[in-house]
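Engineer: Numbering (this note's numbering), first residue to last: 1 to 264. Positions of the beta carbon are idealized from the N, C-alpha and C atoms, including for glycine.
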Ligand SMILES: NC(=O)c1ccc[n+]([C@@H]2O[C@H](COP(=O)([O-])OP(=O)(O)OC[C@H]3O[C@@H](n4cnc5c(N)ncnc54)[C@H](OP(=O)(O)O)[C@@H]3O)[C@@H](O)[C@H]2O)c1
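#1: Using three-state DSSP, classify residue 179 as helix, strand or coil.
#2: Does DSSP put residue 74 in a helix, a strand or coil?
#3: Using 8 Å as the threshold, is the C-beta distance between residue 78 and residue 124 below it?
#4: By the three-class DSSP mapping on this structure, what secondary structure does residue 33 have?
#5: Looking only at DSSP bridge pairs, what is residue 62 linked to?
#6: Taking DSSP as the reference, what is the three-state secondary structure of residue 211?
#7: Using alpha carbons as the reference points, say which of 81, 26, 138 lies closest to residue 294.
#8: Give the straight-line distance between the Cα atoms of residue 229 and residue 105, rounded to the nearest whole angstrom.
#9: From residue 114 to residue 139, what does the alpha carbon distance come to, in whole angstroms?
#10: Report all residues from its chain with a CB closer than 6 Å to the CB of residue 151; omit the five preceding and five following residues, and keep chain order.
#11: Looking at C-beta atoms only, is the number of pairs between the segment 240 to 253 and the segment 202 to 221 that lie closer than 8 Å three or more?
#12: Taking the C-alpha atoms as reference points, what is the distance between residue 4 and residue 87?
#13: My output table needs one value for residue 257: the three-state DSSP class, helix, strand or coil.
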């Protein structure tokens, strides 16, 4: 992500919150931008601001990433525009509620945006990135990727997908210069809480990060070569130990026999 080479970053969900802040930071680093979301007015305003302030080229794409057509439109751009070398898969929704009270269509839309669109867009970008041996995908997950509560079952599942999809891609790409970073934020002050059963003001202020701090920390993690970034976690060893425990557990599954506690 150097600013010495001209490059374009495509940021999904750039009309507010974390995506809008990524757009601002990437523009400040000199990247041209393609900004994707549904709210045209927000995108246009941001595009004009960033083009004027940083002198970068900014294009907006109004697309609904819960639809096949919206995903295909953005995917086609990723396939065709060889200047794109950064994809920030940030667009997401987090409907909270129990699995029996959330309407099925709300969960379906969440899966479409959080999982399906992220997967399609990654797959659209990757062949070009691999052919050019250059490119970065930033996948915005959540700390809910490794925990679930009574109101987060489906959301946690969607973010667990983001984490493991990113981990698998990292393994696939390990002999290339193509990078995949999973960013796992905890609470961040954005509009995602608007209208939620857990509004922002119901969360203790000291547990909520500002969106500027979140994106700056995530970019610092990217710059330092991290594959998974937990912006709010002070003790980085915790993640190392979590991964070690997971690897040990996985290795222990490879026995081919029922464990002795299941044999009578
Ligand atoms: N805020 C937090 O506490 C927190 C914590 C962990 C992870 N995250 C993750 O961070 C990411 C960004 O969320 P945020 O907190 O910045 O929330 P936000 O301010 O609500 O932004 C969400 C963005 O996603 C876009 N989006 C939603 N549905 C879309 C659709 N169908 N098609 C295209 N774009 C769509 C929205 O744009 P339009 O509405 O204009 O389409 C908006 O730009 C999400 O993946 C979220 O899960 C957030």
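Structural biologist: Checking against the coordinates, here is how it stands:
#1: Position 179 of the chain shown, counted from the start, is the residue given in the question as residue 179. Of the three classes helix, strand and coil, the one that applies to residue 179 here is strand, per DSSP.
#2: The count along the chain shown starts at 1 and reaches residue 74 at position 74. Of the three classes helix, strand and coil, the one that applies to residue 74 here is helix, per DSSP.
#3: Translated into the one-based positions of the chain shown, residue 78 becomes position 78. Translated into the one-based positions of the chain shown, residue 124 becomes position 124. Between residue 78 and residue 124, the CB-CB gap stays under 8 Å.
#4: Here residue 33 refers to the residue found at position 33 of the chain shown. Strand at residue 33.
#5: By one-based count along the chain shown, residue 62 stands at place 62. In the DSSP secondary-structure assignment, residue 62 is bridged to 37.
#6: As a working mapping, residue 211 is identified with position 211 in the chain shown. Helix at residue 211.
#7: Lying outside 1 to 264, the shown extent of the chain, residue 294 is not represented and no answer is given.
#8: In the chain shown, counting from the first residue as 1, residue 229 sits at position 229. In the chain shown, counting from the first residue as 1, residue 105 sits at position 105. Straight-line Cα distance between these residues: approximately 31 Å.
#9: Working through the chain shown from its first residue, we reach residue 114 at position 114. Working through the chain shown from its first residue, we reach residue 139 at position 139. Across the structure, residue 114 and residue 139 are spaced so that their CA atoms are roughly 10 Å apart.
#10: Here residue 151 refers to the residue found at position 151 when the chain shown is read from its first residue. If we look at residue 151 and ignore the five residues flanking it on each side, its Cβ neighbours are 96, 97.
#11: Contact between the segment 240 to 253 and the segment 202 to 221 is absent: fewer than 3 CB-CB pairs across the two stretches fall below 8 Å.
#12: Within the chain shown, residue 4 is the residue found at index 4, counting from 1. Within the chain shown, residue 87 is the residue found at index 87, counting from 1. The predicted model places residue 4 with a pLDDT of 47, which falls under 50 and marks its position as unreliable, so this point remains unresolved.
#13: Taking the first residue of the chain shown as position 1, residue 257 is located at position 257. Coil, per DSSP.
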